[in-house]
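Asker:
2 protein chains.
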Amino acid sequence: MAAKSEQTRQLVADVALKMFREVGFEKTTMRAIAQEAGVSVGNAYYYFASKDELVQELYIQVQDEHAVVAAKALDGVQDLASRLKAALHTGIDVMEPYHQFGSDFIATAIRPSSPVNPFGKASTAAREASLAIFRSAVEGSSPAVAKKLRGDLPELLWLAYMGVALFWVYDQSEGQRRTRKLIDGAAPLVARGLSLAKIPGVSKVFDDVLGLVRNVKEDS
Amino acid sequence: MAAKSEQTRQLVADVALKMFREVGFEKTTMRAIAQEAGVSVGNAYYYFASKDELVQELYIQVQDEHAVVAAKALDGVQDLASRLKAALHTGIDVMEPYHQFGSDFIATAIRPSSPVNPFGKASTAAREASLAIFRSAVEGSSPAVAKKLRGDLPELLWLAYMGVALFWVYDQSEGQRRTRKLIDGAAPLVARGLSLAKIPGVSKVFDDVLGLVRNVKEDS
DNA sequence: ACTCAAACTTGAACACGTTCAAAACAATCA
DNA sequence: TGATTGTTTTGAACGTGTTCAAGTTTGAGT
Numbered sequence: 040m041a042a043k044s045e046q047t048r049q050l051v052a053d054v055a056l057k058m059f060r061e062v063g064f065e066k067t068t069m070r071a072i073a074q075e076a077g078v079s080v081g082n083a084y085y086y087f088a089s090k091d092e093l094v095q096e097l098y099i100q101v102q103d104e105h106a107v108v109a110a111k112a113l114d115g116v117q118d119l120a121s122r123l124k125a126a127l128h129t130g131i132d133v134m135e136p137y138h139q140f141g142s143d144f145i146a147t148a149i150r151p152s153s154p155v156n157p158f159g160k161a162s163t164a165a166r167e168a169s170l171a172i173f174r175s176a177v178e179g180s181s182p183a184v185a186k187k188l189r190g191d192l193p194e195l196l197w198l199a200y201m202g203v204a205l206f207w208v209y210d211q212s213e214g215q216r217r218t219r220k221l222i223d224g225a226a227p228l229v230a231r232g233l234s235l236a237k238i239p240g241v242s243k244v245f246d247d248v249l250g251l252v253r254n255v256k257e258d259s
Numbered sequence: 040m041a042a043k044s045e046q047t048r049q050l051v052a053d054v055a056l057k058m059f060r061e062v063g064f065e066k067t068t069m070r071a072i073a074q075e076a077g078v079s080v081g082n083a084y085y086y087f088a089s090k091d092e093l094v095q096e097l098y099i100q101v102q103d104e105h106a107v108v109a110a111k112a113l114d115g116v117q118d119l120a121s122r123l124k125a126a127l128h129t130g131i132d133v134m135e136p137y138h139q140f141g142s143d144f145i146a147t148a149i150r151p152s153s154p155v156n157p158f159g160k161a162s163t164a165a166r167e168a169s170l171a172i173f174r175s176a177v178e179g180s181s182p183a184v185a186k187k188l189r190g191d192l193p194e195l196l197w198l199a200y201m202g203v204a205l206f207w208v209y210d211q212s213e214g215q216r217r218t219r220k221l222i223d224g225a226a227p228l229v230a231r232g233l234s235l236a237k238i239p240g241v242s243k244v245f246d247d248v249l250g251l252v253r254n255v256k257e258d259s
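Residue numbers (our numbering), protein chains in the order written: chain A, 40 to 259; chain B, 40 to 259.
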């Protein structure tokens, strides 16, 4: 049987996520969550040290769903462009219910001190799960990606995914049509761009890009 | 003689910016600003509708300074890589005093509703000024940038600058060494990458990138 | 059944950004 | 000067996220 405490925790989280979706971030006050869940404000804080941690709960749930949906969407898809499209489109799909609230989410997430910060320690698990999606997209593709790129590419694509998410937040076109268009346009371009790596002159530039990435990354 | 009201406005702004630099964003409460400036809280709000607008004051001031310093640094510099470096390094230079406070600034700025949002309406002037720096960096360079790129490049570089600024905010290395390294490494790479535009196979990819950028931009 | 420590829950209180009715001041005209 | 109108200033009050001392409940050991 679920411990009573776990029940309360879930209840608070469920109510919070529901309210985030339905009335937005700012209107979802801690008092409102507590009241709706039938607990005291202090009790909500017993399980979640801050409103940010409730956002993190949302972040984790969305990432988990993305992993599931993306795996399905990647199944049987061969070429890199299509695989990339699948990974990105599903990412947007799972975020869709939260679009209106996206900007508050990003404002929360971008703060290095926030537990939700995708680069931070507290989201290591979620980030790894997300990264794994792109690793799978790269490794499962045929024709295969040039070996020298294979190591760093997933991380770069994940970074690009963060950029797409940022674009999506600002995208006010109906149904975020522009973001879809961006994905559809950019994915094949990335794939084609990578295939240029064989051209000698280009290859050198690629090497230097990777060198720079590694250099900047290591020295922390 | 300066109108009394203008004096009060300046006083509040000066005190706020000084406190932002010296004690950080969160500790600089509206009450503290008012007290330090010797006015009432309500009076500060008479001149600045929100704390965000005080941040905007900072944003504008930093951009103005960047324009001045960058113009000086670009003077006499020929090749694109060096010009790009100059534009970026000076950008980081003027932000330096605010580094500790950078993340709060970004968290404020990234919200579409914020007056400080660099993509938003309220910062059109500051954005244009910033864009002009990169336009000048591109147009003044010799050897000249390929004509077909010249139109869109400044905007893309400005976007990259936003990315560098974001990187800088997260950069905890001493003196933000890693950001400097990133600039020094990336600027020549961009210049070299652009020169590849002559290669036929690469040229097509470039065309498509530009097409995508325009397509996504227009459809808003 | 009783004890007692740990887990859980409460709600009043704090500092914050922000608002606003009212007061003080300034400038203009009769 | 006095009246009137517009500008500037005040500080108490509101709703927010968050804290915490104090209470209540639970469960293992006797």
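Even glycine gets a Cβ: it sits at the ideal position worked out from N, Cα and C.
Remember, it's a predicted structure, so these values are computed and weren't measured experimentally.
Answer yes or no: does any C-beta atom of chain B fall closer than 8 Å to that of A:R217?
Answerer: Numbered from 1 along the first sequence, position 178 holds the residue referred to as residue 217 of chain A. So, interface residue.
Asker: Span of the alpha helix (DSSP H) holding B:D246?
Answerer: Start at 1 with the first residue of the second sequence, and residue 246 of chain B comes out as number 207. Element bounds for B:D246: P239 to E257.
Asker: In chain order, what residues of the stretch 225-244 of chain B put their CB closer than 7 Å to some CB of chain A?
Answerer: A225, L228, R231, G232, L235, I238, G240, V241 and V244
Asker: Can the beta-carbon of A:V203 be found closer than 8 Å to that of A:L221?
Answerer: By one-based count along the first sequence, residue 203 of chain A stands at place 164. By one-based count along the first sequence, residue 221 of chain A stands at place 182. Going by C-beta atoms, A:V203 is nearer than 8 Å to A:L221.
Asker: For the stretch 200-216 of chain A, list every residue whose C-beta sits within 9 Å of some C-beta in chain B, in sequence order.
Answerer: G202, L205, F206, V208, Y209, D210, Q211, S212 and R216
Asker: Are the C-beta of A:Q95 and some C-beta of chain B separated by less than 8 Å?
Answerer: By 1-based counting over the first sequence, the position of residue 95 of chain A is 56. It does not; no Cβ of chain B falls within 8 Å.
Asker: Just to confirm before moving on: does the CB-CB distance between A:Q117 and A:S169 stay below 8 Å?
Answerer: For the purposes of this step, residue 117 of chain A is taken as the residue at position 78 of the first sequence. For the purposes of this step, residue 169 of chain A is taken as the residue at position 130 of the first sequence. Contact flag unset, no.
Asker: Please confirm whether A:N82 has its beta-carbon closer than 8 Å to some beta-carbon of chain B.
Answerer: Position 43 of the first sequence holds residue 82 of chain A. Answer no: the Cβ-Cβ gap between A:N82 and chain B never drops below 8 Å.
Asker: Distance, Cα to Cα, A:Q139 vs A:E65?
Answerer: Here the question's residue 139 of chain A lines up with position 100 in the first sequence. Here the question's residue 65 of chain A lines up with position 26 in the first sequence. Approximately 11 Å between the Cα atoms of the pair.
Asker: Determine the extent of the alpha helix (DSSP H) in which A:Y84 is found, giving its start and end residues.
Answerer: For the purposes of this step, residue 84 of chain A is taken as the residue at position 45 of the first sequence. DSSP places A:Y84 in the uninterrupted alpha helix (DSSP H) bounded by V80 to Y86.
Asker: Determine the DSSP secondary structure at A:A183, reduced to helix, strand or coil.
Answerer: For the purposes of this step, residue 183 of chain A is taken as the residue at position 144 of the first sequence. Coil.
Asker: Put B:D91 into one of helix, strand or coil per three-state DSSP.
Answerer: To locate residue 91 of chain B, count along the second sequence from 1; it is residue 52. Three-state result, B:D91: helix.
Asker: May I have the straight-line CA-CA distance separating B:K276 from B:A199, to the nearest angstrom?
Answerer: No statement about residue 276 of chain B is possible, as the shown extent of chain B runs from 40 to 259 and does not include it.
Asker: When the Cα atoms are used, what is the spatial distance from A:S234 to B:V208?
Answerer: Against the first sequence, residue 234 of chain A aligns to sequence position 195. Against the second sequence, residue 208 of chain B aligns to sequence position 169. Straight-line Cα distance between these residues: approximately 33 Å.
Asker: The ligand HEM and B:G63: does any heavy atom of the ligand fall closer than 7 Å to the residue's C-beta?
Answerer: This structure lacks the ligand HEM, and indeed carries no ligand of any kind.
Asker: Under 8 Å, Cβ to Cβ, is there at least one residue of chain A near B:V255?
Answerer: By 1-based counting over the second sequence, the position of residue 255 of chain B is 216. It does; some Cβ of chain A falls within 8 Å.
Asker: If you check the beta carbons only, do A:R231 and A:G179 fall under 8 Å apart?
Answerer: Translated into the one-based positions of the first sequence, residue 231 of chain A becomes position 192. Translated into the one-based positions of the first sequence, residue 179 of chain A becomes position 140. No.
Asker: I'd like the list of long-range same chain contacts for B:T67, defined as Cβ closer than 6 Å, with 5 residues on each side in sequence excluded.
Answerer: The residue labelled residue 67 of chain B in the question sits at position 28 within the second sequence. The answer, listed in chain order, is M58 and F59.
Asker: Step through the CB atoms of chain B and report whether any lies within less than 8 Å of the CB of A:V78.
Answerer: Taking the first sequence and counting its residues from 1, the one referred to as residue 78 of chain A is at position 39. Chain B contact via Cβ: absent.
Asker: Quick check on this structure: which residue in A:L113, A:L56, A:V107 and A:Q49 has the alpha carbon closest to the alpha carbon of A:N82?
Answerer: Within the first sequence, numbered from 1, the residue matching residue 82 of chain A stands at position 43. Answer by Cα proximity: A:Q49.
Asker: Name the chain B residues that come within less than 8 Å of A:V155, Cβ to Cβ?
Answerer: Locating residue 155 of chain A in the first sequence gives position 116, where the first residue counts as 1. Correct list: empty, because the minimum Cβ distance to chain B is about 12 Å.
Asker: Sort B:V255, B:A171 and B:V54 by Cα distance to B:I72 and report the nearest one.
Answerer: The sequence position of residue 72 of chain B within the second sequence is 33, counting from 1. Scanning B:V255, B:A171 and B:V54 for the CA closest to the CA of B:I72 turns up B:V54.
Asker: Please list the residues of the stretch 128-159 of chain B that have a C-beta atom closer than 8 Å to any C-beta atom in chain A, keeping them in chain order.
Answerer: Taking 8 Å as the Cβ-Cβ cut-off against chain A, the residues of the stretch 128-159 of chain B that qualify are S142, D143, I145, A146, T147, I149, R150, P151, S152 and F158.
Asker: Does DSSP put A:K66 in a helix, in a strand, or in coil?
Answerer: The sequence position of residue 66 of chain A within the first sequence is 27, counting from 1. A:K66 falls in the coil class under three-state DSSP.
Asker: Kindly list, in the order they appear in chain A, the residues whose Cβ is closer than 7 Å to that of B:D247.
Answerer: For this step, residue 247 of chain B is matched to residue 208 along the second sequence. In chain order: L228.
Asker: Assess contact between the stretch 181-192 of chain A and the stretch 122-138 of chain A, defined as three or more Cβ pairs (one per stretch) separated by less than 8 Å. Is contact present?
Answerer: no
Asker: At 9 Å on the CB atoms, spell out the chain B contacts of A:L188, in chain order.
Answerer: Here residue 188 of chain A is taken as the residue at index 149 of the first sequence, counted from 1. Neighbours of A:L188 on chain B: none; closest Cβ ~16 Å, over 9 Å.
Asker: Tell me the rounded alpha-carbon separation between B:V13 and B:F245.
Answerer: What is shown of chain B runs 40 to 259, which leaves residue 13 of chain B out entirely.
Asker: Please classify B:D114: is it buried, with 16 or more other beta-carbons within 10 angstroms of its beta-carbon, or exposed?
Answerer: Taking the first residue of the second sequence as 1, we reach residue 114 of chain B at position 75. So B:D114 ends up on the exposed side.
Asker: Do you know whose CA, among B:T47, B:D210 and B:Y137, lies nearest B:V80's CA?
Answerer: Position 41 of the second sequence, counted from the first residue, corresponds to residue 80 of chain B. Of the candidates B:T47, B:D210 and B:Y137, the one whose C-alpha sits nearest the C-alpha of B:V80 is B:T47.
Asker: B:Q100 to B:S89, Cα distance in whole Å?
Answerer: Stepping through the second sequence from its first residue, residue 100 of chain B is reached at position 61. Stepping through the second sequence from its first residue, residue 89 of chain B is reached at position 50. Annotation: B:Q100 to B:S89 spans about 17 Å, alpha carbon to alpha carbon.
Asker: Within 8 Å (strictly less), CB to CB, does B:V51 reach chain A?
Answerer: The residue you call residue 51 of chain B lines up with position 12 of the second sequence. No, its Cβ sits nowhere closer than 8 Å to a Cβ of chain A.
Asker: For A:P136, which three-state DSSP category applies?
Answerer: In the first sequence, counting from the first residue as 1, residue 136 of chain A sits at position 97. Of the three classes helix, strand and coil, the one that applies to A:P136 here is helix, per DSSP.
Asker: Report buried or exposed for A:E96, applying the criterion of at least 16 other Cβ atoms within 10 angstroms of its Cβ.
Answerer: For the purposes of this step, residue 96 of chain A is taken as residue 57 along the first sequence, with counting starting at 1. So A:E96 ends up on the buried side.
Asker: Taking the alpha-carbon of B:L205 as reference, which of B:E61, B:Y84 and B:L127 has the nearest alpha-carbon?
Answerer: In the second sequence, the residue the question calls residue 205 of chain B occupies position 166. Closest by alpha carbon: B:L127.
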